[in-house]
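Peer 1:
In my numbering, the protein residues as written are 41 to 192.
(1) Relative to the alpha-carbon of residue 123, which residue among 88, 58, 169 and 156 has its alpha-carbon at the smallest distance?
(2) Is it right to say residue 73 is buried, meaning 16 or more other beta carbons lie within 10 angstroms of its own, or is it exposed?
(3) Relative to the C-alpha of residue 104, which candidate in 150, 70, 175 and 154 has its C-alpha closest?
(4) Hey, out of 169, 121 and 110, whose CA is closest to residue 134's CA?
(5) Is it right to say residue 160 is buried, meaning 16 or more other beta carbons lie within 10 angstroms of its own, or is it exposed?
(6) Does the beta-carbon of residue 92 have 16 or more other beta-carbons within 10 angstroms, so that it is buried, or is it exposed?
(7) Between the beta-carbon of residue 106 and the beta-carbon of residue 153, is there less than 9 Å?
(8) Apply the 10 Å Cβ neighbour rule to residue 119 and answer buried if 16 or more other Cβ atoms are within range, or exposed otherwise.
(9) To test your reading of the DSSP string, which unbroken beta strand (DSSP E) runs of 3 or more residues are found completely within the segment 42–123?
(10) Rounded to whole angstroms, what is the Cα-Cα separation between residue 78 and residue 148?
(11) How is the alpha helix (DSSP H) around residue 156 delimited, first residue to last?
(12) Among the residues of its own chain, which have a CB less than 8 Å from the CB of residue 89, if the five just before and after it don't count?
(13) According to DSSP, is residue 132 part of a helix, a strand, or is it coil?
(14) Between residue 195 and residue 130, is the Cβ-Cβ spacing less than 9 Å?
(15) Residue 67 and residue 83 look like a contact to me (Cβ under 8 Å); what is the Cβ gap, rounded to whole Å?
This is how it looks when you write it as structure tokens:
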């Protein structure tokens, strides 16, 4: 029996692309909402559970928390997180130059790894924001109110 890519992919150790695909609308929503309220910055996602190697990204969900770090606070946040200058400098440069209407900077921490991404998804952050607000009931079953900023 041959396993589907979604199942065996976890064995390579690089699961971050699947995580971002699975959560694109929420990540884009959070990135755009945070940009509108706080300016440029990086969206951090901390995976709260160990991701099993056999995860099926089509049917299983990974729990995570997210926080938006505004541009002026990025260096101190990353230093406190234990990242060295070699990782901090490129991230600060990416935040200074990305186009918030088309891209988002995401730092993912999980399974003992830190992954930094500059995403230019097909669905832009403003579009993600609009879709989540229009379909909020699908994202929060216990709330009828639009999502509120809870990052940073």
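Just so it is clear, CB atoms sit at the ideal spot from N, CA and C, and this is done for glycine as well.
Peer 2: With the structure as the only source:
(1) Taking only the C-alpha atoms, the option nearest residue 123 is 156.
(2) For residue 73, the number of other beta carbons within 10 angstroms of its own is at least 16, and it is reported as buried.
(3) It is 150 whose Cα lies nearest to the Cα of residue 104.
(4) It is 110 whose Cα lies nearest to the Cα of residue 134.
(5) Flag for residue 160 reads exposed.
(6) Exposed, because fewer than 16 other Cβ atoms sit within 10 Å of the Cβ of residue 92.
(7) In terms of Cβ geometry, residue 106 and residue 153 do not form a close pair [threshold 9 Å].
(8) Under this definition residue 119 is an exposed residue.
(9) Runs of the beta strand (DSSP E) inside the segment 42–123: 81–87 and 104–110.
(10) Cα to Cα, the separation comes out at about 20 Å.
(11) From DSSP, residue 156 is part of no alpha helix (DSSP H) but of the beta strand (DSSP E) over 153–159.
(12) Only 102 and 103 meet the Cβ criterion.
(13) Correct three-state label for residue 132: helix.
(14) Nothing in the structure corresponds to residue 195, since the chain is present only between 41 and 192.
(15) Right, their Cβ atoms sit about 6 Å apart.
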